[in-house]
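**Q**
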Amino acid sequence: MSSEISVEGLLPLDAAAELERLAAEIAKHDKAYHQDDAPSISDAEYDALRRRNDAIEAAFPELVRADSPSNRVGSAVRDGFSKIVHARPMLSLNNAFSDEDVVGFFDRIRRFMNLPDNEVIELFAEPKIDGLSVSLRYEDQRLVHAATRGDGAVGEDVTQNIRTIDDIPVSLPGSAPALVEVRGEVYMGKGDFLDLNRRQEEAGAKTFANPRNAAAGSLRQLDSAVTANRPLRFFGYAWGDLSAPLGDTVEDVRQCFADWGVQLNEPSRVCNSAEEILAYYHDIIAMRAELPFDLDGTVYKVNRLDWHERLGAVSRAPRWAIAHKFPAEQAETRLNSITIQVGRTGTLTPVANLEPVNVGGVMVSRATLHNEDEIARKDVREGDWVVVQRAGDVIPQVVSVIAGRREAGSEAYVFPDRCPECGSHAVREDGEVARRCSGGLICPAQAVERLKHFVSRDAFDIEGFGGRNIETFWADGLIKTPADIFRLEAHRDVLTTREGWGEKSVVNLFEALRARRRIELPRFVFALGIRQVGQATARLLARHYGSLPALLDAMSMAQDSDTEAYRSLVDIDGIGPGVADDLLAFFAEQHNIDAVLDLADLIDVEAFDLLDTTESPVAGKTVVFTGSLETMGRSEAKARAESLGAKVSGSVSKKTDIVVAGPGAGSKLKKAEELGVDVMSEQAWLDLIDGY
Ligand code: IVH
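When you read off a place in the sequence shown, starting at 1, and then add 3, the result is the number in this note's numbering.
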């Protein structure tokens with residue numbers, strides 16, 4: 004913001020234009036923050052905008068706009084929740100950024116109430132937690148509703164979701180007044196936030212930038228079952244409507260809260276002077292990293308409640324309280340290189356490797372660059388000097404480039420369009436910020452998760468073989484692709500000598516694998532773990548294409564969106580262009596096709612029942628190929644048979660309809676003859692299916 008004209012230098016016309024710009028910009032950021040839970044700038048940048056707005060308004064009071072940001076608290080409620088009008092408005096806080104601001108706060112209070120110099124002003128100092136504020140209304144000691152702050156006057160009804168938070172009592176002891184509104188902050192602890200993001204990442208769901216967004220996003224869920232699974236917590240620090248006073252001081256109120264089982268934001272302290280306040284502030288900063296929750300500052304409140312009455316509020320904030328914000332913790336350092344991390348679901352995240360630097364007491368050597376748009380927007384280049392920030396966010400970020408320190412000859416960063424782990428195309432879909440690796444099955448960064456999915460219950464469901472086995476077998480290099488799972492029998496010796504793996508468990512595993520060598524097409528498709536292809540979609544695809552070869556053929560042809568194959572794909576009821584894109588991206592990778600074919604060679608993928616839809620002479624028949632084939636490979640023969648609606652089996656039984664026997668056929672041929680199954684030569688088979 005260094006390019007801006009200082010407030011003193013503004014002419015009225017410029018000031019009016021600047022206020023208009025700031026109103027629009029702040030409104031945009033308010034919406035991003037409050038309604039979308041996705042802030043587009045840091046808190047420090049946002050505060051700077053508001054301060055500039057306030058300074059211009061102070062210099063040009065006649066230009067204050069009707070839609071001035073200073074008349075608004077937070078943001079309008081969003082659709083989806085019903086609204087609750089607050090019995091008493093939910094106020095916000097004015098901010099102090101410097102020691103002088105804190106001294107000024109004391110002075111203003113003294114002046115406002117005309118207190119003598121020797122009258123001590125007791126302030127209650129407490130942490131300012133980064134979450135979202137809610138008001139809990141108890142009538143006759145029972146929680147009746149809970150609302151977010153909204154615009155301060157009207158909030159969202161989040162009662163159902165609030166009831167899922169363990170910290171929040173659903174009833175108060177009989178000693179509590181008949182009507183009480185407890186106000187405070189719903190937040191997420193740092194550790195819980197990291198765990199949640201890990202889970203979200205694993206599920207391919209959106210991750211949160213910081214604990215505040217995670218808390219807000221989790222509380223404002225239309226489905227309270229989702230909220231219930233989110234580790235939300237609550238601190239009480241204020242009150243709204245009351246039928247009887249809770250005491251004479253802020254301390255008294257907090258004692259009531261504690262007696263009722265409401266958690267308090269600690270560590271807090273009563274302070275009697277600006278010096279004591281500043282000592283508290285610095286103590287909190289020193290312990291900030293160790294506290295289990297995120298703070299964005301401290302709050303000082305006049306302890307005496309009768310003084311609250313006298314001091315009152317100006318526009319959106321009380322005169323008796325102030326928030327002392329932490330400076331954004333920033334430092335400058337050199338960005339040595341940019342590397343791309345591939346998450347377990349294939350998301351490519353650019354990471355800045357920094358010359359290690361101390362940022363507010365923590366050594367930082369890596370920082371996130373978020374995504375390719377952010378790199379382009381900030382024009383971040385390898386070798387640049389950059390500003391790094393830990394503004395309460397757990398993950399350090401690169402804020403900006405220091406333009407004057409760029410080395411000559413540096414080049415704009417080109418975001419890779421291939422996955423650095425496996426070389427597959429990294430695809431960015433319309434409307435998405437993230438680029439994703441499409442190497443699914445073969446990408447080492449995703450392999451373990453993919454393999455776990457592959458053996459999971461609704462996929463291959465291999466008995467006794469779960470995620471833990473995948474992890475250890477992967478670590479030992481025994482399995483890299485799904486097909487490797489079916490090649491484990493070749494490692495019998497290694498397996499039997501593994502810790503915790505006796506002869507018996509190996510035999511059991513092989514049996515379980517054998518049982519799964521035959522698999523239904525929908526399961527098979529689902530097991531591939533293609534993005535957006537869940538069980539239902541897998542079934543749709545299986546029904547539509549009937550067999551694996553037919554599906555593979557169609558996926559290859561549909562790569563060109565001008566083909567009948569493409570139209571036929573997107574015409575499938577239930578498959579939109581988005582799903583089609585993910586499917587096609589998967590099958591555009593030769594690695595993936597190879598992995599599928601490799602697997603299909605080792606197992607039997609049953610054709611979906613095509614009896615009604617094909618007139619092929621072998622549709623619905625069970626065929627066994629034995630001996631060596633002369634005109635085609637075994638997998639080709641199998642694929643062709645399946646594409647005609649036949650089921651291909653590895654062994655002969657009473658259910659077998661046709662045995663195709665080539666030279667060298669042995670026991671299977673013998674068995675077929677014993678059972679009286681139709682046996683034919685390769686040529687006879689080819690004649691039979693000729694023309695279909
Ligand atoms: S007191 C009338 N105390 O910060 C005073 N607010 O920036 C009401 N906040 O709207 C607020 N920690 O969401 C208070 N210890 C604390 C707080 C706190 C966080 C939030 C609250 C408030 C916002 C103002």
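Ideal Cβ positions, reconstructed from N, Cα and C, are used throughout, including at glycine.
Report the three-state DSSP secondary structure of S368 (helix, strand or coil).
**A** DSSP places S368 in strand when its eight states are reduced to three.
**Q** Are the beta-carbon atoms of L351 and C422 separated by less than 8 Å?
**A** Result yes, Cβ atoms of L351 and C422 sit closer than 8 Å.
**Q** Measure the beta-carbon distance from E204 to G346 and round it to whole angstroms, keeping in mind my assumption that it falls under 8 Å.
**A** With a Cβ gap of about 6 Å, E204 and G346 count as contacting.
**Q** Tell me whether T634 is buried or exposed, calling it buried when 16 or more other Cβ atoms sit within 10 Å of its Cβ.
**A** T634 is exposed by the Cβ-count criterion.
**Q** CB of S734 to nearest heavy atom of ligand 1: below 7 Å?
**A** Since the first residue of the chain shown is 4 and the last is 695, residue 734 is not available in this structure.
**Q** Buried or exposed, going by whether 16 or more other CB atoms sit within 10 Å of the CB of L678?
**A** Flag for L678 reads exposed.
**Q** Quick one: residues in its chain with C-beta nearer than 6 Å to the C-beta of F196, no 5 flanking neighbours on either side, listed in chain order?
**A** These residues qualify, in order along the chain: P214, A217.
**Q** Excluding the 5 residues flanking L587 on each side, which residues of the same chain have their C-beta closer than 7 Å to its C-beta?
**A** Hits under 7 Å: M558, A561, Q562.
**Q** Taking only heavy atoms of ligand 1 into account, decide whether any of them is closer than 7 Å to the Cβ of V708.
**A** The requested residue 708 does not occur in the structure, where the chain is confined to residues 4 to 695.
**Q** At a Cβ threshold of 8 Å, is S413 touching chain D?
**A** Within the model displayed, chain D is absent; a lone protein chain is all it includes.
**Q** Does the separation of the CB atoms of N56 and I87 fall below 8 Å?
**A** It is not a contact, given that the beta carbons lie outside the stated cut-off.
**Q** Threshold first: 3 residues or longer. Then list the beta strand (DSSP E) segments lying entirely within the stretch 153–209, N to C.
**A** The qualifying runs are 157–159, 182–191.
**Q** Restricting to Cα atoms, I'd like to know which of V582, G648, G669, L647 is closest to S654.
**A** When each option's Cα is compared against that of S654, the closest is G669.
**Q** When burial is assigned at 16 or more other CB atoms within 10 Å of the CB, is D396 buried or exposed?
**A** Note that D396 scores a pLDDT of 48, beneath 50, so its modelled location is shaky and nothing firm can be said.
**Q** At a threshold of 7 Å, does A324 count as lining ligand 1 (C-beta to nearest heavy atom)?
**A** Yes; taking the cut-off as 7 Å, the Cβ of A324 has a heavy atom of ligand 1 nearer than that.
**Q** So is E269 buried or exposed if we call it buried at 16+ other beta carbons inside 10 Å?
**A** It counts as exposed.
**Q** Below 7 Å CB to CB, which residues in the same chain sit around D50 once its five sequence neighbours on both sides are set aside?
**A** Result list for D50: N98, K328, in chain order.
**Q** Could you check what DSSP says for I8 in three-state terms: helix, strand or coil?
**A** The answer is coil: DSSP assigns I8 none of H, G, I, E or B.
**Q** Check whether the Cβ atoms of Q538 and D585 lie closer than 8 Å to each other.
**A** Not a contact, by the Cβ cut-off of 8 Å.
**Q** Using a threshold of 7 Å, is the CB atom of R152 nearer than that to any non-hydrogen atom of ligand 1?
**A** Yes - ligand 1 has a heavy atom lying nearer than 7 Å to the Cβ of R152.
**Q** What's the gap between the Cα of K650 and the Cα of Q344?
**A** Approximately 43 Å, taken between the alpha carbons.
**Q** Quick one: any contact between the stretch 424–439 and the stretch 591–611, if contact means 3 or more CB pairs under 8 Å?
**A** Enough Cβ pairs lie closer than 8 Å, so yes.
**Q** So the candidates are S564, D601, I112; which of them puts its Cα closest to the Cα of A324?
**A** Of the candidates S564, D601, I112, the one whose C-alpha sits nearest the C-alpha of A324 is I112.
**Q** Does the beta-carbon of P130, which I'm using as the reference point, lie nearer than 7 Å to any heavy atom of ligand 1?
**A** Checking the Cβ of P130 against ligand 1 gives yes.
**Q** Within its chain, find whatever has a CB closer than 6 Å to the CB of I465; leave out the 5 residues flanking it on each side and keep chain order.
**A** Cβ neighbours of I465 beyond the five flanking positions: V458, A515, R519.
**Q** Return the first residue and the last residue of the alpha helix (DSSP H) that E506 is part of.
**A** Segment 506–518, the alpha helix (DSSP H) holding E506.
**Q** To the nearest angstrom, how far is the alpha carbon of G699 from that of E492?
**A** Residue 699 is absent from the structure shown; the chain starts at 4 and stops at 695.
**Q** In this structure, how does DSSP classify D693 when only helix, strand and coil are distinguished?
**A** Of the three classes helix, strand and coil, the one that applies to D693 here is coil, per DSSP.
**Q** Restricting to runs no shorter than 4 residues, where is the alpha helix (DSSP H) found entirely within the stretch 242–320?
**A** With a minimum length of 4 residues, the continuous alpha helix (DSSP H) runs that stay inside the stretch 242–320 are 253–262, 277–290, 308–314.
**Q** For the candidate residues F109, V10, G467, whose alpha-carbon lies nearest to that of K507?
**A** Considering only alpha carbons, the answer is G467.
**Q** DSSP beta-bridge partners for Q392?
**A** DSSP lists Q333, Q400 as partners of Q392.
**Q** What ranges does the beta strand (DSSP E) occupy inside the stretch 124–149, keeping only unbroken runs of at least 3 residues that lie completely in it?
**A** Here the runs fully enclosed are 126–132, 135–142.
**Q** Is any heavy atom in ligand 1 found nearer than 7 Å to the beta carbon of E159?
**A** E159 Cβ: outside cutoff for every heavy atom of ligand 1.
**Q** Is there contact between the stretch 387–394 and the stretch 241–254, where contact requires at least three CB pairs shorter than 8 Å?
**A** The stretch 387–394 vs the stretch 241–254: no contact.
**Q** According to DSSP, I341 sits in a beta bridge with which residue or residues?
**A** Partner(s): A355.
**Q** Within 10 angstroms of the Cβ of H456, are there 16 or more other Cβ atoms? Answer buried if so, exposed if not.
**A** Buried.
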